[in-house]
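Residue numbers (full-length UniProt numbering): 1 to 761. All C-beta atoms, glycine included, are put in the ideal place defined by N, C-alpha and C.
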């Protein structure tokens, strides 16, 4: 009786909450044996086909590669990838991969040569002679990863298990509809699978090894039982068909009755799970020495005329596989990579097959049904009843839609296996799995950003601490150096002290100053005379050569010519004024002096003419008693050629005698100043007709283009009585109005001194 109960307990299976029973649709593809597909002309091998970082490239463009040759190096979780066939590397560039959005990833593109030559293969037929570490390293370097859908590196998984694994479970459930890749592999390669299971058991040394398979695979069950007929170390457990019994946590609960804790893994309870495809790849890597370059892929759907399971090389375009299976696309045809519940629609068909590709589903319109509109949640709790992970999908849906990441995390959204059972039973046609995937991706991105921020903060704090330590050490060194000088410094100090003592010893007696005595400066005088004699001797030894010849030096010739022009009575003044470029100089008024004028001084005697860019105010100190001289030529008036000068003329005299005749317009200095706004202050009313216009050649201001020049009108003086009255009143006013028949203008008089200088009447 006890043996009966022990046998019953030994083969007992448990159940999990939730789950659904969708149509299986497996008969389309599991009835035909595995077949080979012709080589594609071009292969695209993504560098990352697993969970973890991509490996380091070890090939370059133009290299010839053989089948099984490593394209990347694997370190840590970086799993290497290998060439699926022999050919030439034509490019290493981003290419769209197996992703819902067809994201581009770095890939190696190989043109096949059609020879399909292997590298030299070295198998370990007696794998028991090798250590556990050597077997794990070989499995890792041969690129073996989980082929059940996750893609976790098998070597890393075995290394992390260690000695705490008590149960090894081989997942052969394959519960999702349409997919029959593992079923067909167990029917055709059962012996190789069992050998791979024994290699895994040799590495882990578990107490028991269990194979879990659903009861809807009778042919595969028969083949496994035939191979395990004489084996007592491996147990085959047949479980009821229920979706998703192939999940890692669900199958662990079915076979052992243990539940994986929230946020944990199956290894936390002493269980490690591998897929039957992974066991087959382990056998080929260890025993046959062949890296993983191909896998079994199910081609199914009513849009495919020859459904079945094929050996597909990694990197083969999806379009090539479907065309070989007789793909007949219709309008709005979709192709799903994976099953109908957990798969995703491919945006285009040029994506390559990777290690986690197990099915390509091409359904017809009738097979998929019409798309239904998403409606509001009615809170029927059907999704909660179907969830195999004991979650609340309707709450997670609201939290995901409302961007409430903290609440979604508190409701264990990370435990969602994305099986799609909730979306299958939802009467409102809500794609719950899509919301959950997006929410999990956002949470992972937030955590990654927080991790990076924490690492950056730690680096900053470590740097600050290092700088503080260096500063403290530097101050300590400086302090110790100041307190205890080095030996060489002490020697230098001692030498300096010795020199000082020696000088003091050699010094003469102090000079005693006596009253009435003269100091003895004979030594100083003798030294000075010696220096003078030395300088004279040096000058005599090196006479200065006269290299400047007046006839040869153009600069001296120019100076002599200028001096000659200055001494000439006729051309001296005109030459000086014509040779003053860019200088605002007010020429002296053309009238007679009370005393004979001195001879024209040279330019060097006129300091104001040598000051560039200066506003010079010329104040003549004499009276004009005679008529003004004739207008000088324009070349003799340098101020007419000087642009951009602001000159304010303040005459310091009155005209007691009758005014001279109206001078020529060319004698008006202010009219010849270019680009200046000059305000003319007429001091009398014009009683007689204006003179005739002078010739333009005598009006230099008319030849100055673009000049806002104001010309004073020629006016006649008022009567003497009016002048005296106006002169008396102008001293009291702060502003005086001056009028002219030609134009009326209000001119401000800023000071009494200015008013006095402007009263000519």
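* **Between the CA atoms of residue 232 and residue 425 - distance to the nearest angstrom** => Between residue 425 and residue 232, the C-alpha separation is close to 42 angstroms.
* To do: Measure the C-alpha to C-alpha separation of residue 522 and residue 497 and round it to an integer number of angstroms.
  => Each residue's CA atom was taken as its position, placing residue 522 and residue 497 some 33 angstroms apart.
* Asked: What are the start and end residues of the alpha helix (DSSP H) that includes residue 183?
  -> Going by DSSP, residue 183 is part of the alpha helix (DSSP H) stretching over 181-188.
* Could you give the DSSP three-state label for residue 155: helix, strand or coil? => In the three-state DSSP reduction, residue 155 falls in the helix class (H, G or I).
* Tell me where the alpha helix (DSSP H) around residue 396 begins and ends. => Per DSSP, the continuous alpha helix (DSSP H) segment holding residue 396 begins and ends at 393-401.
* Per DSSP, residue 460 is paired with what? -> DSSP lists no partner for residue 460.
* To do: Whole angstroms is fine: what's the gap from residue 334's alpha carbon to residue 127's?
  => The alpha-carbon atoms of residue 334 and residue 127 are separated by roughly 46 angstroms.
* Within this structure, are the beta carbons of residue 365 and residue 316 separated by less than 8 angstroms? -> Taking 8 angstroms as the cut-off, the beta carbon of residue 365 is found no closer than this to the beta carbon of residue 316.
* Asked: Contact between the region 143-153 and the region 41-59: three or more CB pairs below 8 angstroms?
  -> Contact between the region 143-153 and the region 41-59 is present, because at least three Cβ pairs lie under 8 angstroms.
* Asked: Among the residues of its own chain, which have a CB less than 7 angstroms from the CB of residue 409, if the five just before and after it don't count?
  -> Around residue 409: 443.
* Straight-line gap, residue 214 to residue 452 (C-alpha atoms, nearest Å) -> Between residue 214 and residue 452, the C-alpha separation is close to 44 angstroms.
* Just the Cα atoms here: how many angstroms apart are residue 321 and residue 346? -> Those two C-alpha atoms are separated by around 14 angstroms.
* Same chain, Cβ closer than 6 angstroms to residue 100, five either side skipped, listed in chain order -> Answer for residue 100: 344, listed in chain order.
* Asked: Rounded to the nearest angstrom, how far is the Cβ of residue 394 from that of residue 384, given a contact under 8 angstroms?
  -> The Cβ separation is near 7 angstroms, so the contact holds.
* Length-filtered (4 minimum) alpha helix (DSSP H) runs lying within the region 238-278 -> Note on the region 238-278: whole alpha helix (DSSP H) runs with a minimum of 4 residues are 248-256, in chain order.
* In three-state terms, what does DSSP make of residue 333? -> Residue 333: coil per DSSP, three-state reduction.
* What does a CB cutoff of less than 7 angstroms around residue 418 pick up in its chain, not counting 5 residues either side in sequence? -> Within the same chain, 342, 433, 436 and 437 come within 7 angstroms of residue 418 by CB-CB distance, once the 5 residues on both sides are set aside.
* Asked: Under a Cβ-count criterion, where at least 16 other Cβ atoms within 10 Å of its own Cβ denotes burial, should residue 229 be classed as buried or exposed?
  -> Residue 229 should be labelled exposed.
* In the DSSP assignment, what residue or residues form a beta bridge with residue 107? -> Residue pairing by DSSP places residue 107 opposite 46 and 93 in a beta bridge.
* Give a yes or no on whether the C-beta atoms belonging to residue 68 and residue 118 are separated by under 8 angstroms. => A contact, by the Cβ cut-off of 8 angstroms.
* Taking 8 angstroms as the cut-off, decide whether the C-beta atoms of residue 216 and residue 180 are in contact. => Cβ distance not < 8 angstroms, so residue 216 and residue 180 don't count as in contact.
* Tell me, please, whether the region 132-149 touches the region 271-285 by the rule of three or more beta-carbon pairs shorter than 8 angstroms. => Touching, yes, given that three or more Cβ pairs across the two stretches are closer than 8 angstroms.
* To which residues of the same chain is residue 374 closer than 8 angstroms at the C-beta, ignoring the five residues directly before and after it? -> Contacts found: 428, 429, 430 and 431.
* Report the rounded CA-to-CA distance for residue 546 versus residue 559, giving the unit in angstroms. => Because the pLDDT at residue 546 is just 47, under 50, the model does not fix this residue reliably, and the point stays unresolved.
* Three or more C-beta pairs below 8 angstroms linking the region 282-296 and the region 263-272 -> Flag = no, the region 282-296 and the region 263-272 do not touch.
* Buried or exposed (CB count within 10 angstroms, at least 16 for buried), residue 399 -> Around the beta-carbon of residue 399, 16 or more other beta-carbon atoms lie within 10 Å, marking it buried.
* Asked: So, is residue 175 buried or exposed, given that buried needs 16 or more other C-beta atoms within 10 angstroms?
  -> The residue is buried, with at least 16 neighbouring Cβ atoms inside 10 Å.
* To do: For my contact list, residue 93 and residue 107 are in at a C-beta cut-off of 8 angstroms; report their separation, rounded to the angstrom.
  => 7 angstroms between Cβ atoms; contact.
* Asked: Going by C-alpha distance, which of 243, 220 and 283 is nearest residue 23?
  -> In this structure, 243 is the residue among 243, 220 and 283 with its C-alpha nearest to the C-alpha of residue 23.
* Just the Cα atoms here: how many angstroms apart are residue 313 and residue 55? -> Those two C-alpha atoms are separated by around 20 angstroms.
* DSSP state of residue 30, grouped into three classes? -> It is coil, neither helix nor strand.
* Would you mind stating whether residue 219 and residue 388 have Cβ atoms separated by less than 8 angstroms? => Going by C-beta atoms, residue 219 is not nearer than 8 angstroms to residue 388.
* To do: Starting from residue 323, follow the alpha helix (DSSP H) in both directions and report where the run begins and ends.
  => Where residue 323 is concerned, the enclosing alpha helix (DSSP H) stretches over 318-324.
* To do: State the Cα-Cα distance for the pair residue 141 and residue 73, rounded to the nearest angstrom.
  => Rounded to the nearest whole angstrom, the CA to CA distance from residue 141 to residue 73 is 8 angstroms.
* Go to residue 294, then tell me how far its beta strand (DSSP E) extends in each direction, as first and last residue. => Judged by DSSP secondary structure, residue 294 falls within the beta strand (DSSP E) whose first and last residues are 294-300.
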